[in-house]
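Undergrad: Per the numbering used here, the sequence shown starts with residue 637, numbered consecutively.
Built from N, CA and C at the ideal position, the CB exists for glycine as well.
A single structure is presented below for examination.
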Amino acid sequence: MGGRLALVVGSECVALGELGFTGELASGLYGSLTEVGGWRSAIDADGPVLDPTADQLVEAVDAAFAAASARQATLLLAFIGHGVATSAEDFYLLSHDSPAVPNSRNAFHLTQEIRERLNQSAVDGLVVLVDACETGQGVLGAARRWTDLLAQAAGRMEMLVAAGEGPAFSGCFTRTMLDTFIDGLPLRGENLLPADLIDPIAGQCTRQQPQYLSFTSGSVSMAHSADPGLWLVPNTARHRDAVSGRSAAGFVDQLTRDLLVTPDVREHLDAIIDAGSNRLRVVIGPTGAGKSTLLAMLIRPSLVEGLAITPEYITAAVFLTAASAIEAVAAELAAQLSVRLPGFADAARAVRTQRARDEYDIFDILVRHPLARLSTAGRRVTLVFDGLNQPQEGTRKLLVGAIADLSRRHDLRHVRVILGIRDGTGVEHDPALAHMYRIEVGEPAADDIATVVGSARGGAPAYPSQWIAWIQRLLSEAPTAEADGAHVVSGGWLLARMLQEVASSITDSAVADGIGLDRIVVMRVDNALSSMDPETTGATGALLSVLVAAGVGPVLPLELLDAALTSLGVDLHIARIRDITVALGALVTRSHPGTARESLGVTHGALLPSLRAEGKLLGVEPEAAHRAIVAAIKESPSDRAADYARGSAVRHCLAYRDSASAIHFLEMLQTQRAADNRDLWSAWIPAFTEALGPDDPDTLTTRSRAAYHRAESGDLIGAITEFELLFIDRFRILGPDHPKTLGTRTNLATYRARCGDFAGARTDYQRLHADQLRLLGPDHPDTLRTRNDLASNRADLGDLGGAIADFEQLALDRARIIGPDDPQTLRTRNSLAYWRGESGDIAGARTEFEQLLADCLRIYGPDHVATLNARNNLAAFRDRSGDLAGARAEFTRLLADRLRVLGADHPDTLTTRSALAGYLAESGDLAAITDFENLLVDRLRVLGPDHPGTFATRNDLATARAESGDIPRAIAELEVLLVAELRALGPAHPATIHTQSTLAHWRAELVQ
637 MGGRLALVVG SECVALGELG FTGELASGLY GSLTEVGGWR SAIDADGPVL DPTADQLVEA
697 VDAAFAAASA RQATLLLAFI GHGVATSAED FYLLSHDSPA VPNSRNAFHL TQEIRERLNQ
757 SAVDGLVVLV DACETGQGVL GAARRWTDLL AQAAGRMEML VAAGEGPAFS GCFTRTMLDT
817 FIDGLPLRGE NLLPADLIDP IAGQCTRQQP QYLSFTSGSV SMAHSADPGL WLVPNTARHR
877 DAVSGRSAAG FVDQLTRDLL VTPDVREHLD AIIDAGSNRL RVVIGPTGAG KSTLLAMLIR
937 PSLVEGLAIT PEYITAAVFL TAASAIEAVA AELAAQLSVR LPGFADAARA VRTQRARDEY
997 DIFDILVRHP LARLSTAGRR VTLVFDGLNQ PQEGTRKLLV GAIADLSRRH DLRHVRVILG
1057 IRDGTGVEHD PALAHMYRIE VGEPAADDIA TVVGSARGGA PAYPSQWIAW IQRLLSEAPT
1117 AEADGAHVVS GGWLLARMLQ EVASSITDSA VADGIGLDRI VVMRVDNALS SMDPETTGAT
1177 GALLSVLVAA GVGPVLPLEL LDAALTSLGV DLHIARIRDI TVALGALVTR SHPGTARESL
1237 GVTHGALLPS LRAEGKLLGV EPEAAHRAIV AAIKESPSDR AADYARGSAV RHCLAYRDSA
1297 SAIHFLEMLQ TQRAADNRDL WSAWIPAFTE ALGPDDPDTL TTRSRAAYHR AESGDLIGAI
1357 TEFELLFIDR FRILGPDHPK TLGTRTNLAT YRARCGDFAG ARTDYQRLHA DQLRLLGPDH
1417 PDTLRTRNDL ASNRADLGDL GGAIADFEQL ALDRARIIGP DDPQTLRTRN SLAYWRGESG
1477 DIAGARTEFE QLLADCLRIY GPDHVATLNA RNNLAAFRDR SGDLAGARAE FTRLLADRLR
1537 VLGADHPDTL TTRSALAGYL AESGDLAAIT DFENLLVDRL RVLGPDHPGT FATRNDLATA
1597 RAESGDIPRA IAELEVLLVA ELRALGPAHP ATIHTQSTLA HWRAELVQ
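Shown next as C-alpha cells:
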C-alpha cells in the first residue's frame, strides 16, 4: 500500500511552565506537511496531537507505528514542546502531565521507545523532527540504539533536532522550517530533505545548534542525506524549473548534486548561452563528460553563481532513454509547455478544433502546431532534448525529423532547440541536423576528479600524483556506454560520481594496479551488499538485473519492479526495494522518490555491462529479467504500467527473441489513427531487424504491417514501394508459393487499384488467381477473395455486365462453400446489389439491398456492424435512385444508432456524418460548411491527413464554400488539396482526378 504518514505532537509540560507557541507551530507544521507535502495523518484524528498525557502520547505513537507498518508506509514523527535529557543518551519528550524530572513511566523516552517500535514494525523509512531543549542526547542515543535494528532490516532513517546539549528558543527551529517551506532553497533539489534545513536553521537560530543524523545502507552520517525518498515538502524554489513536478526532476537532482563547477564547465555553459541566436545547438561529447549535467544546470541556473539566465530560459526539457517513444516525448513536452508557456494550452485546444493544411503526426498535433500559433515578436521558446542517441533507432528517426522541423520551419522561428548527443554514435552526422551549432564537451581534467575524490576521502591520498596519473589513464581510453569485454571505461564526471561513493574503499595498491570503472562498480555493489543478509543479497542481484533490463534513466515504475521481482520468485515489497535502492547509491536513479509515482533505472549506460555481470553473478540471467518485466506488464492494470509498455514491452520481448509477443504488444498499442499505427510499426522495424535479423519472418511481418498502415493513412505510393520491396524479400526468403508471399501480391494489387492503376491491378490479380488455383484450389478462401477482387476490378474498368456475372457466380460458390450466412457471402451479395444499381437495374438492386438487410437483422441483430452497414448501403442506394428524402431520413436514424453503438470517432460514424452534410450542401443550406469543417477536424484527428476520407471531406468543404460564393478561398483550398493528393495518391487516383476536375470548374467560374 505504501504512502507517507505523519504524526505531529505539540506538548507543553505543566510542571515546566507555559511555552505559548506549541499549538500554533504544531498546527502550522501539520498543515504544511499534509497540504503541501502530501503526508497523511498517521492516526485516526486529522490534525496534530496537542498537550497529550503521557499515556495518550504513547498511544498516539503506537497507533502511528502500527498504521505505517500495516501499510509499509514512510513514517514522520514530529514533536514540538518540552524535552529534557537526564543522563547520557536518555532524552525524554514530556507530555502535559509529565513531572519536571521524568522517567519512562511518565514521559516518552525517545531512544528506547522508538527502538522498541522499530523492532516490531516494517516502516518504509522513518523521519524524526524534534523541536525541544537538550535534544543532542536523543541524537546520540538514536545513533547507538536504533541503528543496529535498522541495519538488520537495511532500513532508512532521518533525524533532525533543534539543539545539542543546551536549550531551544521560542520555537525558532520549527518557525524557520516553516519559513523555508514557503521560500524554498535555490541551491537544493526538487524536494526539501531534513538535511537541507540544517544551514537555514543554524543561520536563523543563532543561540542553538541543530543536530542531524542519517542512517542508510548500514552506515550513520551526520552530514548529508542518502535517501531522496525521505523528503518533507516540495522545494518551492524549484517551481520555476522546466521539469518541476515531472519525472525528470529526480534525475536532475542526481545530476546536480555535489556540483563541481570548474572553469571548463563554466566556459561550456557560457558557450551554450552565447550561441542562442542559433536555432539548433548541440552539446556533443563522450560518455560521462557531463553533457546531461550541463543541460541540467541550464534548467536550474541558480546552482551556478553569476549565470546570466533565469529558470525561464529553458521552457521545456526531456531526458531521452531507450524506452522513449515519440508519443510519450510529445506528451511530456506538451504538458510542460501548457504550464510554462502562456497561451500554449489555448493554442493546443485550437489545434484540436481546427484543421491544419499540412501533413502532421502526433508530435505535430501536440507540439509543433500549437507552438506555431505562438510565433510573435519577442517570444522565445527553448526546448531541451538530452540523449538523442538513446532511443530505439526507429523512434530516434522520428525525433530527428521533429527536431529538424522545430529548428528550421519559418513558422517556428521563435523556437530554439538544445540537444545532448554522445559523440561517435552517428546521430551527430544525420543530414537533417546539418544546420546545428556544435558545442564540444571534453573530458574533465584528472586533477579536478582527484579533488572530488580527495574531498570524499576526507583528505588527499598518500600519493596524489599516482592517483592523478591513474585517473588520466582512465580518461585517455575511449569512453563507451557498452563494452564487449570485461573492462568498461567511462567519461570523467560519471567516474567522479562513482569514485565519491567508493573513495574510502580504494587503496593505493588498487590505484597502482590501474583498476577501471568495471571494478569500481563491483566495489560499489559490494559496499551495498556488505550490510545485507544472504537472502537480501540474492534479492539485490534480481533487482539489479531487472533495472539493467529496464535501462538507463528513471523509467521503470516501482510497482512494475516489485511485480517483476515477484515473477522471479523474490518477495521484497516496496519498502525493502527502497532500502536496497538507497544502498546502491549513485548506481540507481529515481524519479518522484518516496511516492506512489516513483520510477527507477540505472544512472548511466556506461554502468550497464558491469551491473549486468553483477546480476548474473548473483544468480539472475538478463533474459530472465526481461521475461519478468513482460510478465509484470501483463499482470499490471495500472496506467503507469501501460505507459511503460508503450515504450518498452516490445524491446523486452525481443531481448529474449519472443517476437510473437512483441508483435502482440504492437497490435495492442495500435490506435484508430492509421498515421499513428504507421509510425508505431515503422519505428520498431530496426529493433526487429537487429534482434532477429532482416530475413526473419516476424521482421517481414513488421514491415508488412507498416506498409499496410502507410497505405491506410493515405500514402498509397509509399506503401506500394514498401510492398514491392517486401515482395522481393519474401520471394527470396520464403519462396514464390508461400502464403505470405501470395498475401504481399494481394496487397500490391489492391493498392495499385486504389491508386487508379486498374489495368495494372487486373494483371496482378489474374496472375495471383492462377497461382492460387494451382496451389490452393478453387474453393480456398484466398482464391475466392481474389475472385471478388477481380470482379470489382472488372467493374472499375467499366465492364459492369461482366462484373455482375462474376459476382453472381461468386455468391453461389461462397454460399456453397462457406454457407449463405457467412460474412464473406453477405459482402459478395452487397457488391452484387451495388453494381446492379450502377448498371441501371434499380428494381433488382433495391430487392437485393432489402433482402440483405433482412438477413443481417436475422443473423446479427439490429446493432451489429454488418447490420448498420447494410442500412448504410440501402440508404445510399435510395440516394442514387433519386429518393433523397428517404435517404436523408435513413441516414439521420443511422447516425443516431452508430453514435450509440460505435461511438463518435468510429470511421463509419464519420462516414454517416459526411453523407448528412452532403444533403445539407445540396439543399443550399450554409450550415453544411460548419458540418464539413467539424467533420474535417475529426477525420484529421482520427484518420490522419492522408486518408481518402479526409481528402474527400476537404474536397466537399471547398465545394460547399464555392457554392456559397467564396470561390477564391475554395480554389486556394483545392490547390493545397491537389498537391497533397498527388503526393499521397498519385495522378491516376480517382480522388486526384476528381479534385483536378473540381478545381478546373471553379477556376472557370471565377473567370466568368
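Buried or exposed: where does residue 710 fall if 16 or more other Cβ atoms within 10 Å of its Cβ makes it buried?
TA: With 16 or more other Cβ atoms within 10 Å, it is buried.
Undergrad: Mapping the DSSP letters down to three states, classify residue 1630 as helix, strand or coil.
TA: Reduced to three states, the DSSP call for residue 1630 is helix.
Undergrad: Would the beta-carbon of residue 1565 be found less than 8 Å away from any heavy atom of the ligand MG?
TA: As for the ligand MG, it is missing from this structure, which has no ligand bound.
Undergrad: With DSSP as the reference, please indicate the residues paired to residue 745 in a beta bridge.
TA: 728.
Undergrad: Note down, in chain order, each residue of its chain lying with its Cβ closer than 7 Å to the Cβ of residue 1036, except the 5 sequence neighbours on either side.
TA: Within the same chain, residue 1036 has close Cβ partners 1066, 1068 and 1069.
Undergrad: Taking the straight line between their C-alpha atoms, what separation do you get for residue 1006 and residue 1618?
TA: Approximately 27 Å, taken between the alpha carbons.
Undergrad: List the endpoints of the continuous beta strand (DSSP E) containing residue 1503.
TA: Note, residue 1503: premise wrong, no beta strand (DSSP E); alpha helix (DSSP H) at 1501-1516.
Undergrad: Confirm, please, whether the CB-CB distance from residue 1258 to residue 1154 is below 9 Å.
TA: Taking 9 Å as the Cβ cut-off, residue 1154 and residue 1258 do not qualify as a contacting pair.
Undergrad: DSSP three-state label for residue 1224, please.
TA: Here residue 1224 sits in strand by DSSP.
Undergrad: Scan the region 784-848 and note each continuous alpha helix (DSSP H) run of 4 residues or more that stays entirely inside, going in chain order.
TA: The region 784-848 contains these whole alpha helix (DSSP H) runs: 808-819 and 834-840.
Undergrad: By alpha-carbon positions, which one of 882, 1557, 740 and 1549 ends up nearest to residue 1229?
TA: Taking only the C-alpha atoms, the option nearest residue 1229 is 882.
Undergrad: Reducing DSSP to helix, strand and coil, say where residue 1166 ends up.
TA: The answer is coil: DSSP assigns residue 1166 none of H, G, I, E or B.
Undergrad: Whole alpha helix (DSSP H) runs in the region 1339-1407 with 4 or more residues, listed along the chain?
TA: Complete alpha helix (DSSP H) runs here, min 4: 1352-1370 and 1375-1390.
Undergrad: Roughly how many angstroms separate the alpha carbons of residue 1205 and residue 1422, rounded to a whole number?
TA: Their Cα atoms are separated by approximately 52 Å.
Undergrad: Answer yes if the region 1587-1596 comes into contact with the region 1307-1326, meaning at least three C-beta pairs across the two stretches below 8 Å, and no otherwise.
TA: The region 1307-1326 vs the region 1587-1596: no contact.
Undergrad: Which ranges does the alpha helix (DSSP H) cover as unbroken runs of at least 4 residues, wholly within the region 657-718, from first to last along the chain?
TA: Runs of the alpha helix (DSSP H) inside the region 657-718: 658-671 and 690-707.
Undergrad: Would you identify the three-state DSSP class for residue 1645, choosing helix, strand or coil?
TA: Summary: the structure shown does not reach residue 1645, with the chain confined to residues 637 through 1644, and so no result is reported for it.
Undergrad: Cβ of residue 921 within 9 Å of Cβ of residue 819?
TA: Cβ atoms of residue 921 and residue 819: not closer than 9 Å.
Undergrad: Identify every run of the alpha helix (DSSP H) within the region 1268-1335, keeping only runs that are complete inside it and at least 4 residues long; order them along the chain.
TA: You should have 1275-1291, 1295-1305 and 1310-1328.
Undergrad: Alpha carbon to alpha carbon, how far is residue 1595 from residue 978? Give it in angstroms, no decimals.
TA: Whole-angstrom Cα-Cα distance: 37 Å.
Undergrad: What residue ranges within the region 933-960 form continuous beta strand (DSSP E) runs of no fewer than 3 residues, ordered along the chain?
TA: DSSP runs (the beta strand (DSSP E)) wholly in the region 933-960: 952-955.
Undergrad: Could you tell me if residue 968 is buried or exposed, where buried requires 16 or more neighbouring beta carbons within 10 angstroms of its beta carbon?
TA: The residue in question, residue 968, is buried, as its Cβ has 16 or more Cβ neighbours within 10 Å.
Undergrad: Grab me the residues of residue 1562's own chain with a C-beta within less than 6 Å of its C-beta, minus the 5 sequence neighbours each way, in chain order.
TA: Excluding sequence neighbours, residue 1562 sits near 1600.
Undergrad: State buried or exposed for residue 813, treating a residue as buried only when at least 16 other CB atoms are found within 10 Å of its CB.
TA: Flag for residue 813 reads buried.
Undergrad: Residue 1203: buried (16+ other C-beta within 10 angstroms of its C-beta) or exposed?
TA: With 16 or more other Cβ atoms within 10 Å, it is buried.
Undergrad: Distance check for residue 887 and residue 1082, CA to CA, integer angstroms please.
TA: Roughly 25 Å separates the two Cα atoms.
Undergrad: At which residues does the beta strand (DSSP E) containing residue 767 begin and terminate?
TA: Residues 762-767.
Undergrad: Whole angstroms is fine: what's the gap from residue 951's alpha carbon to residue 1278's?
TA: Their backbone Cα atoms lie some 28 Å apart in a straight line.
Undergrad: Could you tell me the boundaries of the beta strand (DSSP E) in which residue 1454 lies?
TA: Here residue 1454 belongs to no beta strand (DSSP E), and DSSP marks it neither H nor E.
Undergrad: Could you give the residue range of the beta strand (DSSP E) that holds residue 886?
TA: Looking at the DSSP string, residue 886 is not in any beta strand (DSSP E); the run it does join, the alpha helix (DSSP H), is 884-892.
Undergrad: Note down the Cα distance separating residue 1135 from residue 1171, rounded to an integer number of angstroms.
TA: Taking the straight line joining both Cα atoms gives about 28 Å.
Undergrad: Determine the direct distance from the alpha carbon of residue 827 to that of residue 1020, and round the result to whole angstroms.
TA: Their backbone Cα atoms lie some 22 Å apart in a straight line.
Undergrad: Under 9 Å between the Cβ atoms of residue 766 and residue 730?
TA: No.
Undergrad: Since residue 686 and residue 700 are thought to touch, with beta carbons under 8 Å apart, how far apart are those beta carbons, to the nearest angstrom?
TA: Wrong, their Cβ atoms sit about 15 Å apart, outside the cutoff.
Undergrad: At what residues does the alpha helix (DSSP H) containing residue 1421 begin and finish?
TA: That run of the alpha helix (DSSP H) goes 1417-1432.
Undergrad: Secondary structure at residue 1107, three-state DSSP: helix, strand or coil?
TA: Of the three classes helix, strand and coil, the one that applies to residue 1107 here is helix, per DSSP.
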